[in-house]
Each structure stands twice: as C-alpha cells, then as structure tokens.
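Going by numbering that gives the first Met the number 0, the first residue of the sequence shown is number 0, and it counts up by one from there. Just so you know, even glycine gets a beta-carbon here, dropped at the ideal spot from N, CA and C. Just so it is clear, the structure is predicted and the values come from calculations on it, not from any experiment. Remarks on the structure that follows.
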Amino acid sequence: MNVGPLRTDGEALPTAFKLACLAFALTSCTAWLRPLLLPDEGRYAGVAWEMLRSGDWLTPTLNGLPYFHKPPLFYWITASSLAGFGLTEWAARVAPAIGFSLAVASPYWLVRRWLGPRPASVAALALLAQPLALVAGQYANLDMLVAGLITLTIVALAHATLQMDSDPRTGRPALRLAWAAAALGVLAKGLIGIVIPAAVIGGWLLLSGRWRTIIRTVTRCPEGPVVFVLIAAPWFLLMERIHPGFLDYFFVYQHFTRFATGGFNNQQPVWFYPAVLTLFSLPWLVWIARRALGDRLPAGPERDLVLLCWIWLAAVILFFSIPRSKLVGYVLPAVPPLALLAAAGLRARGDPGPAAIRLWRGAAAFGIVGSLVAVVVIAYRPTPSSRDLSRWIGTHSQPGDAVFMLNRFDFDAGLYARLQAPVRVVERWNDEAFVRSRDNWRKELADARRFNPGLAEQTLITPERLLASLCAQPRSWVIGFSQADANHQALAASERVREWRGSTLWRFDASRPASKVLCESLPK
C-alpha cells in the first residue's frame with residue numbers, strides 16, 4: 000500500500016522532547032499539593048521507599064514481605080526519584096509524569112513525521128488537554144506509566160509499518176524501539192505491555208489490508224524479540240529463582256485469574272469504560288464526532304492514522320471491559336487515540352474557520368484549566384492519608400521503637416515516618432476466611448506471607464499477642480481507630496499523644512508503672 004513519502008523533519012525529535020518536558024512540567028506543577036492517597040498511592044510509593052531503605056532493588060516488599068502484585072519498573076523509578084529529590088509527594092509522583100510525557104510526545108512525533116508540523120501542533124494541544132490523563136499523570140500508581148509505554152510501542156510500530164510501506168528496507172530502528180518499549184511495558188505492569196500493542200497493530204494491519212506486514216514486522220527486525228527478552232525476562236527469572244512459585248503467582252493468579260474471575264474489588268458493568276471516556280472527553284466530544292461523521296479521507300498517511308486511532312480506541316475498551324473488575328485508570332491507553340481523533344476532527348470538513356478554531360481552543364483551555372483546578376480542589380479537601388500521625392512518629396520516635404497498627408495497615412506510614420523496620424499489624428490473621436473475604440490490605444499481606452513466612456510470623460500478629468509484643472519493646476507507637484482502646488486492654492496503659500480524623504496515636508512505654516503491671520501479669 001502506498002502511503003506517500005516520509006517527511007524529512009530534523010526538528011521533529013527535538014520538538015517532541017521539548018513537548019515531553021512541557022507535559023512533565025504541566026502535570027507535575029501541582030503534584031506536591033496533596034498527601035499520598037490511600038490505598039493506591041500510599042501502597043506503591045511505600046513499596047518504593049522500602050526498596051530504597053533496604054537497598055534490595057530486586058524484590059519489591061510490602062511491610063518487609065515480598066510483594067508481587069506488580070513488576071518493578073514503577074518502584075525502580077520512584078525509589079530513584081525519592082533518592083534524588085527527597086521523600087516528598089512530588090518525588091513519589093515522577094513515574095506517572097514520565098508516562099504522561101511519553102503519551103503526549105510520542106503521538107506528536109508520529110503525526111509530525113507523517114502529516115507535518117501544523118497537524119502535529121494541533122495534536123499536541125489535544126494531547127496536553129486530556130483531563131483524565133492530566134490528573135492520572137500526577138497520581139502515583141502504575142496506570143499512567145504503562146499507558147505511556149503502550150503508546151510509545153504503538154507509535155513505534157505504526158511508524159515502522161508506514162516506513163516499510165514506502166520502502167521495505169526501512170523500519171528497523173523503529174521496530175527495535177517498539178520491542179524495547181514493549182519490554183518496559185511488561186516491567187511496568189505485566190503482559191498488557193505487549194498484548195495491547197499487539198492487538199492494536201494486528202487489528203490495524205488486518206483491517207487496512209496489510210496482513211503481509213504482520214510477518215514483516217518480525218522478519219525485518221529479527222533481533223527485536225532478543226531485545227525484548229533481554230530487557231523483560233531477567234527480573235522474572237531471578238524472582239522465580241529466589242522465590243519459588245513466583246511465576247505461578249504473578250502470571251496465573253495475578254494475570255489470568257484476576258482477568259477471568261469476579262472475586263476482586265471494583266466490579267463494574269460492561270458499559271463502564273465507554274461512560275468514563277465520554278465523561279472525561281466532554282470538551283472534545285463534538286470534535287471526535289466531527290471526525291467520525293466527516294468525509295472519507297483519501298488514501299494516505301492521514302487516513303491510515305485515523306483508522307489506527309479508531310482501532311486503538313476500540314481494542315483498549317474491549318480488552319478492559321471483559322473482566323468484571325474495572326478501575327478508571329485501566330483505560331488510560333485509550334486517551335491518546337481519543338486526543339488524536341479530536342485533533343483530526345478540526346480538519347474533518349476542510350480547513351476550519353475562525354469560529355471553529357476558537358471553539359477548539361476553548362475546549363483545550365477547558366481541559367487544561369479544569370484539570371488543574373480539580374487537582375487543587377482535591378488537595379484542599381480531607382483525603383485518606385496517615386501523613387499527620389506518621390510524621391509525628393518520625394519526629395518523636397527513637398531508634399529501637401516499634402510501630403503497631405490495629406485492624407488497619409496504612410501503606411504510606413513507612414514513607415512519611417521514615418521507618419527503618421516493618422510495622423506489626425494486628426488482625427485476625429488465623430482466620431483465613433475473614434482475611435480473604437475482601438480484596439484489600441489484609442489479603443495483600445496474607446498473599447505476601449507465603450514468600451517469607453518467618454518474617455510474617457513476626458509482623459502479622461493476632462490480638463492475643465498484642466500485649467506480649469508491646470511488652471517486648473522498650474517503647475512502641477500504636478496507630479488505630481479512635482475507639483480501639485475499648486477492645487485492647489494494652490491501650491489502657493498507653494498515652495494518647497495525637498488525634499487525626501478519627502484515628503489515634505498511642506505511645507506504650509514498657510517502663511511506666513501502669514505498663515509494668517500489665518506486662519508482669521503475662522504468663523511466664
């Protein structure tokens with residue numbers, strides 16, 4: 000298929016890099032405003048802190064226990080950021096900002112190389128002004144990072160395809176980049192890093208009559224799979240060697256079981272993602288509809304890229320609509336094609352007039368300003384976080400102090416308190432049915448203990464062991480809900496030192512007279 004010549008544009012890559020820096024600045028300029036939200040942000044930033052604190056950059060840990068829900072790329076980036084920029088919320092949110100930058104800059108580069116600077120500039124503004132991606136770019140979890148890598152993989156594969164259509168001898172560097180980006184996507188969030196790009200590009204090649212190119216994408220770059228394996232495989236193989244059973248847990252349970260069954264949180268109807276994308280694309284719906292209802296494009300790169308965007312959008316929605324468990328962030332890989340379709344909608348019926356351009360710019364301004372205002376509003380509303388109590392512990396604790404949590408586990412406590420050891424989590428750990436009745440922190444810690452049962456015995460304690468554990472330490476800090484002292488005798492001899500939004504921090508000093516009486520009453 001003849002797609003026309005590739006444009007020679009020496010400024011495409013430098014301008015894309017500048018755009019990536021702008022995207023990073025835009026999404027990170029307010030990333031310091033609010034505390035880490037529980038559970039997600041606290042969990043992932045907390046795992047990164049433990050990696051930095053322990054010096055073990057291979058095994059992610061949650062409260063000291065091996066945590067294999069997700070691969071390590073987010074933790075590597077975040078731990079490096081915390082080491083370089085300090086233990087701040089801004090540093091904890093660098094990884095999603097990088098993902099947002101990739102999701103903006105790589106489609107811009109593709110459009111500029113094949114359609115020219117002006118369409119690329121329109122696409123850049125549409126990409127920067129997507130509310131869902133802008134907010135996700137400063138939310139410390141894995142979704143925006145993997146979305147950026149998926150976008151880069153699809154862009155590289157599309158560019159290679161269009162190159163090979165023009166000249167079968169070209170496309171090899173782009174294919175290498177695609178394999179490397181897919182490998183990083185797997186290290187970011189597992190198999191979706193390669194499955195989604197394969198589905199998108201495979202569907203595009205078939206529907207555009209390029210079925211022979213499917214084979215050519217492999218034969219043109221035979222070293223591509225080697226690049227993928229060299230980047231993605233070593234960590235997985237090392238984890239299986241160090242922690243036998245890891246591969247079964249990670250791929251079978253965390254991937255296929257979660258995808259195919261409904262025993263997990265966040266169950267939503269099949270129309271959930273179309274509704275989410277419609278809501279977050281409100282400023283752009285008229286332009287997306289304009290492209291959908293516009294005149295058929297003549298054969299060439301623009302028609303190819305528009306078809307790619309429709310297939311990309313449909314593939315992501317269909318893939319993530321299959322499982323019952325759905326989170327808003329999962330559908331982030333669908334945002335770049337939506338933005339590109341909105342950009343294409345501006346030119347769908349010929350050159351736009353002044354009124355259309357004003358409306359289009361208004362949609363972009365609404366998307367950017369509205370997103371930043373929403374972040375500021377969220378920052379000044381009460382949010383689930385243990386920052387206040389944890390920082391108090393970090394300021395007032397001494398070496399050797401222990402930290403206990405009663406019927407809760409605050410993922411962010413280790414980071415905010417700069418804890419050097421795992422906390423003791425008090426719960427009914429011997430009641431397996433109760434612990435696994437909900438897909439929450441209890442189940443996560445219960446899963447993790449299979450990989451280090453010795454440490455789990457020390458850190459996951461039952462209420463019956465609380466007093467003995469407190470008495471074994473010179474001084475302890477206990478975080479619990481404000482009425483927890485009604486159910487735990489040990490807290491009667493503890494000092495309430497701080498209250499915060501329904502939570503209380505107690506200090507148990509084993510040398511205090513009241514504490515001594517309780518400790519001496521324990522069976523010898």
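Bounds of the alpha helix (DSSP H) holding Trp108 are Val93 to Leu114. If you look at Asp508, you'll find it in the beta strand (DSSP E) that goes Ser502 to Asp508. Secondary structure at Glu426: coil, using DSSP grouped into helix, strand and coil. Distance check between Gly479 and each of Trp31, Ser493 and Ala362 places Ser493 closest, using alpha-carbon atoms only. Of the candidates Leu339, Ala342 and Leu131, the residue whose Cα lies closest to the Cα of Ile367 is Leu131. Residue state for Thr212 is assigned as helix, using DSSP reduced to three classes.
C-alpha of Ala135 to C-alpha of Ser27: approximately 11 Å in a straight line. If the five residues before and after Thr461 are omitted, its C-beta is found closer than 8 Å to the C-beta atoms of Val425, Glu426, Arg427, Trp428 and Asn429, all from its own chain and listed in chain order. Annotation: the continuous beta strand (DSSP E) that includes Glu494 extends over Glu494 to Trp499. For Val477, the secondary structure class from DSSP, reduced to helix, strand or coil, is strand. Between Ser320 and Val269, the CB-CB gap stays under 7 Å.
In the structure shown, Leu405 falls within a strand segment according to DSSP collapsed to helix, strand and coil. Ala467 sits close to Leu521, with the two beta carbons spaced by under 7 Å.
Residue environment: Glu456 is assigned as exposed (fewer than 16 neighbouring CB atoms within 10 Å of its CB, all protein chains considered). For Trp203, the number of other beta carbons within 10 angstroms of its own is at least 16, and it is reported as buried.
Of the residues assessed, Gln129 falls on the buried side of the cut-off, its CB having 16 or more other CB atoms within 10 angstroms. In the three-state reduction of the DSSP assignment, Pro172 falls in the helix class. Taking 7 Å as the cut-off, the beta carbon of Ala187 is found no closer than this to the beta carbon of Arg111.
Assignment of alpha helix (DSSP H) within the stretch 289-365, counting only whole runs of 4 or more residues, yields 300-320 and 334-345 in chain order. Per DSSP, Trp203 is one residue of the alpha helix (DSSP H) stretching across Ile191 to Leu206. Close CB contacts of Gly399 within its chain, under the 7 Å cut and outside five residues either way in sequence, are with Pro473 (chain order). One Cα belongs to Pro273, the other to Trp311, and the distance between them is close to 14 Å. In the displayed model, Thr60 falls within a strand according to three-state DSSP. Judged by DSSP secondary structure, Asp438 falls outside any alpha helix (DSSP H); it is assigned neither H nor E. The three-state reading of DSSP puts Gln267 in coil, since its state is none of H, G, I, E or B. Under a 10 Å Cβ-count criterion, Arg380 is classified as exposed, with fewer than 16 other Cβ atoms of the shown protein chains found around its own Cβ.
Comparing alpha carbon positions, the residue from Gly98, Pro59, Val375 and Ser389 closest to Met238 is Pro59. Distance check between Leu126 and each of Leu444, Ala363 and Gln253 places Ala363 closest, using alpha-carbon atoms only. Asn62 is classed as buried because its beta carbon has at least 16 other beta carbons within 10 Å across all chains shown. The beta carbon of Leu151 sits closer than 7 Å to the beta carbons of Leu101, Ser105 and Ala180 from its chain, once the five residues preceding and following it are set aside; these are given in chain order.
Straight-line measurement puts the Cα of Pro34 at about 8 Å from the Cα of Ala378. A distance below 7 Å between beta-carbons, with the five flanking residues on each side excluded, links Leu81 to the following residues of its chain, in chain order: Ala47, Trp48, Leu51, Ala90 and Ala91. For Gly399, there is no enclosing alpha helix (DSSP H), as DSSP gives it neither H nor E. Collapsing the DSSP output to three states places Leu156 in a helix.
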